[in-house]
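These notes concern the structure reproduced below.
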Amino acid sequence: MIGHALHDALDAAGPQAGHIVHLWWLTVAICTAVFAAVMAALVVALKRAPRAQAGDPPDVSSLTRAEPTLFRAVTAAVAASAVLLMVLLVASIATDRAIASLPGEGALHIEVTGHQWWWAVHYDDAQLDRVFDTANEIHVPVGRPVIVSLESADVIHSFWVPNLHGKKDLIPGHTTSISLRADKPGIYRGQCAEFCGLQHAFMAFEVVASPPAEYEAWAQAQRRPAAEPSDAQAQHGKELFMSGTCMLCHAIDGTTAGARMAPNLTHVASRRTLAAGTLENTPQNLAAWILDPQKAKPGAQMPAHPLDGSDLGALVAYLETLK
Amino acid sequence: MTADAALLERTWADRPGFAGWLAAVDHKSIGKRFIVTAFCFFVAGGLLAALMRAQLARPDNKLVGPDLYNQLFTMHGSTMMFLFAVPVMEAMAVYLVPLMVGARAIAFPRMNAYAYWIYLFGGLMLYVAFFLKVGPDAGWFSYVPLAGPEYGVGKRSDFWAQLITFTEVSGLLVSIVIITTIFKLRAPGMTLDRLPLFVWAMLVTSFMVLFAMPSVMLASTMLIMDRLVGTQFYNPAAGGDAILWQHLFWFFGHPEVYFIFIPGLGFLSMLISTFSRRPVFGYPAMVLSLVATGFLSFGLWVHHMFATNVPELGKSFFTAMSMMIAIPSAVQIFCWLATLLTGRLNMKTPLLFALGFFFILVIGGLTGVLLGSVPLDLQVHDTYFVVAHLHYVLIGGAVFPLFGAWYYWFPKFTGRLMGERLGRWNFWLFFVGFNVAFWPMHHLGLQGMPRRVYTYSAEMGWGTLNLISTLGAFTIAASVLLFVINAVTSLRRGTPASANPWGAGTLEWATASPPPSCNFVELPVVRARDPLWDPAAEPGSPRRVQGLAEDTREVLVTTLMEARPDHRMASPAPTPWPFWSAVATAVMFVGSIFTPWAVVWGSIPIAIAVIAWFWPTRAETRKSLEREKQPALP
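Protein chains in written order, with my numbering: chain G, 1 to 323; chain U, 324 to 957.
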């Protein structure tokens, strides 16, 4: 279920989001106290000060007489504000240092490239046969640091998984990176946070954090090229894919389709969502998406494919074999 | 010798009729137009926001598609920042500053008129483009490459960039007008330490505009060139840089927030002083805080960019600056509290709006401290939390004081008081509606709702809070409608106002409501910070300026620090040429969206119009020569 993915900045599932939550509550506590104090002073002023009319003569005694009590009160309030700001500043910088210094030994390296409006994900490894590509879904092992390198293929995007960390922008011409660690298994929703055009609203992804063994099993499955379809309908679907427009943009490892304009579909059926977190990944949704992507995601780069019922069924059947 | 009011009126009045209306140079006529125009843009921007709120009221709503929605929020932001918030503060200053400093006229009145027309034409261009479905759609910040030639196809971003050009020209000119008026046209005796706090606020603001605007001017010009003539300033593939845009834009964009906020602080000082029936506590601290805010506001811009590649040390610096700027604001808030505490309160609508400021702005200021902190900002940046924060700051810090100011100065503008009962309804609906609309957005942001999304799916669970927010937004719309009704009915049937209906202390209340064309029949001499509250009026010594001509437009120029009389200067007469120059400029600006050659050919009509503008007439020359030889002493 799409809805089950967590997205809450105050529900930390990793050390960085955890540090930020601590700082958050400290800041909120201080700010609430300051707000309450200012409002209390205002209420006292409104209660104590007598009422007057426009015609009443103004009180200009302050021009010739000093007001030492007021002066002391205002000075004390300003000094208190400065001290509290200093506390927040120190706490903020300490937190910033803490989240920037995640130990990186044994880190998993992932490259994420932002596209209008989906995420290409590349799992890097020193051994070439362990490298693989996927899209819109990032699996990570619990407890292991992950270094995500961020690049953009078009405009500026921003990578944000609120339960794990703050944002990092994907900027064309610059490579940025963000380090994460998920300490609790779960599915965390991520989202593009920098306005990037028509479908900025539906440029989501998911981070699936699972125990290391489970993660390794998933990664092993992802490394395998697509299996040859066994039944005739799926075989027909594959022919459609390879002879039609699909392969001009999509890649399926182990076949002749190798384009990188659109999400890699090698294991599309294993993913939880379609179209960057827009739709739940069911055969019905997949069929509807292929027929007319503009209906669910107006402006999406994928064109409509007015296939007839049997062709559409075959194509969906083929894609459903890509587990 | 007493002044001849009828002669002065003949000398200073704008010409009658439609032609006279186009030729007007009186700062009060221009100021009123400016204010009404800015208010119209405020309503337009508000209607766009209402449409956005209607779309977001429930999940998966189909009322507005992504294409229109992107135009809506771009238009809303651009309208509110460039066509309402900054111009309306300038507009208030154009009307009020010459009166507050006791001047017969504003400095450079024709340039002032030109600045107004340029502003009007820029705004009209943007809305014409929007109604022709080429409204800009890359956000009011127009980040490249989304707004660049490759991804921002069509003419949409060109209209946005050209709007910036119009606003820049208008903003810079008005700033020069205001600074010159404040420095050189003050009434004798109004030393700098006797300037009303609103005038100080506008002085600081105008200098900030002069230093901040060139940055966005540079940025938008490079954007136009990238789009129009194939330069590559922002194209990383050709050695350009997308981040360059962000630095240039925010180097302007953050001070811009403060040149909306600082005039608001100026209004508050005036309101709180008058309605507490005492001078504001801590005048020197107030002035220094305004100046400090002006300086510090140039050191915060990177906190809009914490999610890009900013070095750690740089981030710490900008966090420290972002927190430090809270201090001068705190100084002012505490001084106002002290003033209220020791004053006697006249609880009228303007004061209510000032009190509303305390609640809203303090929340906005505190969430601002929070956004200055890098780790917290990384979480809430570009979410609805920021939408909540910025509206708390801008509506609390600028719009509430502005509404208070409108209730306060309406009798000066029109000669009639606004209705008090409707005023209270207006205030309470606005106050409640505002908090209902914007408080839930803090929570939405923390729950992960990003800004600038045209819809969201039901599974996200953001529906209820968004619905509440939408109801609040409609409440605000109702309160603004009440304001319009109140203003229109008061204009006809409001209680006639005396020269000083609120018993205020500053000079604009020393003249009739509304003021005569010459502002002051008897030009005042100032001996105190609140001249009308001056207890030590020495009898016998001159209380008014003598020796200025009445049959010709003459203003008294005084020295910068001490405001000693220095010389008399002729103030230019009404002329339609600023209007025609603005028309020619607008044609050139709009034409250059379509072809770079418009810059070349378009400059010819501008040159003709400007030459006509400055063409000396024999009659004027003869008159000034005569006056030079024979000063009009009594």
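Cβ atoms here follow ideal geometry from the backbone N, Cα and C, with glycine treated the same way.
These figures come from a predicted structure and were not determined experimentally.
* To do: Give a yes or no on whether the minimum CB-CB distance between Val-692(U) and chain G is below 8 Å.
  => yes
* Would you call the CB atoms of Ile-595(U) and Ala-524(U) closer than 8 Å? -> Result no, Cβ atoms of Ile-595(U) and Ala-524(U) do not sit closer than 8 Å.
* Reducing DSSP to helix, strand and coil, say where Phe-132(G) ends up. => strand
* Asked: How would you list, in chain order, the residues of chain U whose beta-carbon sits under 7 Å from the beta-carbon of Trp-24(G)?
  -> Leu-699
* Could you pull out every residue in the same chain whose Cβ sits closer than 8 Å to the Cβ of Ala-896(U), ignoring the five residues on either side in sequence? => Val-348, Arg-876 and Glu-943
* Where Ala-643(U) sits in the DSSP three-state scheme -> helix
* Met-434(U) to Phe-71(G) span [Cα, whole Å] -> 44 Å
* Would DSSP call Gly-795(U) helix, strand or coil? -> helix
* To do: Ignore the nearest five residues each way along the sequence and tell me which others in Leu-701(U)'s own chain have a CB closer than 8 Å to its CB.
  => Phe-629 and Ala-630
* Taking Ile-171(G) as the reference, which of Pro-468(U), Lys-478(U), Met-644(U) and Leu-486(U) has the closest Cα? -> Pro-468(U)
* In chain U, which residues lie less than 8 Å from Val-44(G) when you measure between Cβ atoms? -> Leu-664
* Asked: Between Ser-177(G) and Ile-147(G), is the Cβ-Cβ spacing less than 8 Å?
  -> yes
* Around the Cβ of Val-261(G), are there at least 16 other Cβ atoms within 10 angstroms (buried) or fewer (exposed)? -> Here the sequence assigns Met to residue 261(G), which means Val is not the residue at that position. Met-261(G) is exposed by the Cβ-count criterion.
* **Nearest-angstrom Cβ-Cβ length linking Gly-425(U) and Arg-356(U), presumed shorter than 8 Å** => That pair is no contact at about 23 Å.
* To do: Classify Phe-598(U) as buried or exposed, calling it buried when 16 or more other Cβ atoms lie within 10 Å of its own Cβ.
  => Label assigned to Phe-598(U): buried.
* To do: Mind reading off the beta-carbon distance from Leu-883(U) to Val-868(U)? Whole number of angstroms is fine, and I expect it under 8 Å.
  => Not a contact, Cβ separation roughly 18 Å.
* From Ile-927(U) to Trp-938(U), what does the alpha carbon distance come to, in whole angstroms? -> 16 Å
* **Burial state of Arg-852(U) (16 or more Cβ within 10 Å)** => Around the CB of Arg-852(U), 16 or more other CB atoms lie within 10 Å, so the residue is classed as buried.
* Asked: Near Tyr-779(U), which residues of its chain fall below 6 Å by C-beta distance, leaving aside the five closest residues on each side in sequence?
  -> Pro-382 and Trp-785
* Asked: Is it true that the region 133-148 of chain G meets the region 263-281 of chain G, where meeting means three or more beta-carbon pairs spaced less than 8 Å apart?
  -> yes
* Asked: Under a three-way DSSP split, which group does Pro-303(G) fall into?
  -> coil
* Have a look at Leu-699(U), Leu-379(U) and Phe-681(U) and flag the residue whose alpha-carbon is nearest the alpha-carbon of Gly-727(U). => Phe-681(U)
* To do: Could you list the residues in the region 55-72 of chain G with a C-beta less than 7 Å from some C-beta on chain U, going in chain order?
  => Gly-55, Asp-56, Pro-58, Asp-59, Val-60, Ser-62, Leu-63, Glu-67 and Leu-70
* **Minimum length 3: unbroken beta strand (DSSP E) runs contained in the region 240-293 of chain G** => none
* Can you pull the chain U residues whose beta carbon is under 8 Å from the beta carbon of Glu-194(G), in chain order? => Listed along chain U are Tyr-466, Ala-630 and Asp-705, each with a C-beta nearer than 8 Å to that of Glu-194(G).
* **Residues in the region 637-668 of chain U having any Cβ partner in chain G nearer than 8 Å** => Lys-638, Ser-639, Thr-642, Ala-643, Met-646, Met-647, Ala-649, Ile-650, Ala-653, Val-654, Ile-656, Phe-657, Cys-658, Leu-660, Ala-661, Leu-663, Leu-664, Thr-665, Gly-666, Arg-667 and Leu-668
* To do: For the alpha helix (DSSP H) containing Cys-31(G), list its first residue and its last residue.
  => 15-48
* Asked: Going along chain U in order, which residues have a C-beta closer than 7 Å to the C-beta of Ile-93(G)?
  -> Ser-639 and Thr-642, listed in chain order.
* Exposed unless 16 or more other CB atoms sit within 10 angstroms - verdict on Lys-47(G) -> Its Cβ having fewer than 16 others within 10 Å, Lys-47(G) is exposed.
* To do: Pull up the distance between the alpha-carbon of Val-539(U) and that of Trp-119(G), whole angstroms please.
  => 32 Å
* Where does Pro-229(G) fall in DSSP's three states? -> coil
* **Pairwise C-alpha distance: His-267(G) and Leu-286(G)** => 14 Å
* Of the listed residues Gly-742(U), Tyr-581(U) and Phe-733(U), nearest to Gly-720(U) (C-alpha basis) -> Tyr-581(U)
* Close Cβ partners of Ile-791(U) (< 7 Å) along its chain, the five nearest in sequence each way excluded -> Val-759 and Pro-763
* Ile-686(U) in three-state terms, based on DSSP -> helix
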